[in-house]
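Presented below is the structure to which this report refers.
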Amino acid sequence: MLANSFFNLKQFIAYMSFPDMMQIQVLMFEQDDPSKCTAAKLVKFGIAKRIKHLTGKDMILNPFAKEFVLKSDRDLTKSITGIDCSWDLAQNMFLKRFVGLSRKLPPLLAGNPVNYSKVGKLTTAEAIAGALYIMDYGELADSILGKFKWGHTFFDLNQYLLQDYANAKTVDDVNVTAQEYGLMP
Numbered sequence: 001m002l003a004n005s006f007f008n009l010k011q012f013i014a015y016m017s018f019p020d021m022m023q024i025q026v027l028m029f030e031q032d033d034p035s036k037c038t039a040a041k042l043v044k045f046g047i048a049k050r051i052k053h054l055t056g057k058d059m060i061l062n063p064f065a066k067e068f069v070l071k072s073d074r075d076l077t078k079s080i081t082g083i084d085c086s087w088d089l090a091q092n093m094f095l096k097r098f099v100g101l102s103r104k105l106p107p108l109l110a111g112n113p114v115n116y117s118k119v120g121k122l123t124t125a126e127a128i129a130g131a132l133y134i135m136d137y138g139e140l141a142d143s144i145l146g147k148f149k150w151g152h153t154f155f156d157l158n159q160y161l162l163q164d165y166a167n168a169k170t171v172d173d174v175n176v177t178a179q180e181y182g183l184m185p
């Protein structure tokens with residue numbers, strides 16, 4: 001039965017709303033205030049599955065990866081994993097070798113109240129939503145950030161940028177876009 005392949009009823013309902021959706025996972029290190037943890041909220045609402053180990057088949061969102069997320073990555077994986085850790089400890093956390101398809105987001109502005117408009121200082125939810133939008137899962141990205149009072153702000157700040165990144169075919173296209181918006185030298 002289809003429902004047995006999901007970890008809860010909420011995930012099954014989400015799947016029925018988005019049948020070709022990307023599976024969303026989070027690897028949580030619990031280094032921040034739990035009341036402000038966007039990854040925990042995604043798990044609570046059944047949008048993301050909390051995992052303890054990576055499988056090697058997942059796209060890993062890693063701000064220190066060499067390659068950007070591109071729309072074509074959609075064809076390479078059916079799951080996306082956000083690594084939830086403190087920005088203060090991120091560099092050390094991401095020095096670990098995570099198995100999987102490691103990708104970083106192109107420069108985007110944070111919409112969250114803690115790091116508002118800072119380039120690249122995204123919450124786990126913003127990072128996942130940004131990657132999903134670039135890979136042409138815009139409705140799913142909207143539904144994720146719709147769970148946060150400030151979620152619309154991320155899209156307000158990055159609307160045209162996300163559209164241009166979604167249209168990028170190559171890393172060079174991403175770099176040109178970021179330069180045109182003044183986000184890269």
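With full-length UniProt numbering, letter number 70 in the sequence shown gets 70, and the count goes up by one each step, no holes. Ideal placement from N, C-alpha and C gives every residue a C-beta, glycine not left out.
In chain order, what residues of the same chain lie with their CB nearer than 7 Å to the CB of residue i, ignoring the 5 residues before and after it?
i: THR124; result: VAL26, THR38, ALA39, GLY82, ASP84
i: LYS52; result: none
i: ASP136; result: LYS71, ARG74, ALA166
Could you pull the start and end residues of the alpha helix (DSSP H) that residue i belongs to?
i: ILE51; result: That residue, ILE51, is in no alpha helix (DSSP H); its beta strand (DSSP E) goes 49 to 51.
i: SER86; result: No alpha helix (DSSP H) holds SER86; DSSP gives it neither H nor E.
i: LEU162; result: 151 to 167
i: GLU126; result: 124 to 134
i: ASP173; result: 171 to 180
i: LEU42; result: 38 to 44
Pull the bridge partners of residue i from the DSSP assignment, please.
i: THR81; result: GLN25, ILE60
i: PHE148; result: PHE148 pairs with nothing; no bridge assigned.
i: LEU108; result: Partner(s): none; LEU108 has no beta bridge.
i: PHE68; result: LYS104
Only counting the same chain, and skipping five residues up and downstream in sequence, which positions put a Cβ closer than 8 Å to that of residue i?
i: LEU76; result: MET59, LEU101
i: ASN62; result: ILE83, PHE94, PHE98, SER102, ARG103, LYS104
Where do the ends of the beta strand (DSSP E) carrying residue i lie?
i: SER117; result: SER117 -> no beta strand (DSSP E), and no H or E assigned at all.
i: LEU101; result: 101 to 103
Counting only the same chain and skipping the five closest in sequence on each side, list residues whose C-beta sits under 6 Å from that of residue i.
i: PRO106; result: PHE68, TYR165, VAL174, ALA178
i: MET1; result: Here the model assigns MET1 a pLDDT of 36, short of 50, so the residue's position is not dependable, and the following value carries that caveat. Contacts found: none.
i: GLY130; result: LEU105, LEU108
Is it the case that the Cβ atoms of residue i and residue j are separated by a distance below 8 Å?
i: GLY138; j: LEU145; result: no
i: ALA48; j: LEU54; result: no
i: LEU108; j: LEU122; result: yes
i: SER79; j: GLN23; result: yes
i: PHE154; j: GLY111; result: yes
i: residue 188; j: LEU183; result: Absent from the structure is residue 188, since the part of the chain shown begins at 1 and ends at 185.
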